[in-house]
Amino acid sequence: MKKLAVLLIAIGSLLPGCIPIPYEGGGGGGGERHGDRDRDGVPNRADRDRDGDGVPNRQDSRPNDPRRY
Numbered sequence: 036m037k038k039l040a041v042l043l044i045a046i047g048s049l050l051p052g053c054i055p056i057p058y059e060g061g062g063g064g065g066g067e068r069h070g071d072r073d074r075d076g077v078p079n080r081a082d083r084d085r086d087g088d089g090v091p092n093r094q095d096s097r098p099n100d101p102r103r104y
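Just add 35 to the spot in the sequence shown (first one is 1) and you have the working numbering.
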């Protein structure tokens with residue numbers, strides 16, 4: 036049993052913990068929520084100006100509508 040535990044720990048240490056996956060842009064199955072509304076290459080959840088109207092989301096009363104502030 037000890038040999039099996041040591042073997043599993045050794046194998047586990049060889050496997051990578053986190054694998055970065057590059058953002059391919061929109062269409063990740065998350066729909067509009069995780070897409071790129073203003074098509075600037077930054078996903079909505081990380082974009083400080085989701086709608087691309089020049090007003091940061093924190094100051095924008097309608098952060099998803101480019102025609103309103």
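All C-beta atoms in this analysis are idealised placements derived from N, C-alpha and C, irrespective of residue type, glycine included.
- Using a Cβ distance threshold of 9 Å, R72 and G89 do not count as a contacting pair.
- When the Cα atoms are used, R97 and R80 turn out to be separated by approximately 15 Å.
- Rounded to the nearest whole angstrom, the CA to CA distance from P78 to M36 is 47 Å.
- Between D100 and D84, the gap from beta carbon to beta carbon reaches 9 Å or more.
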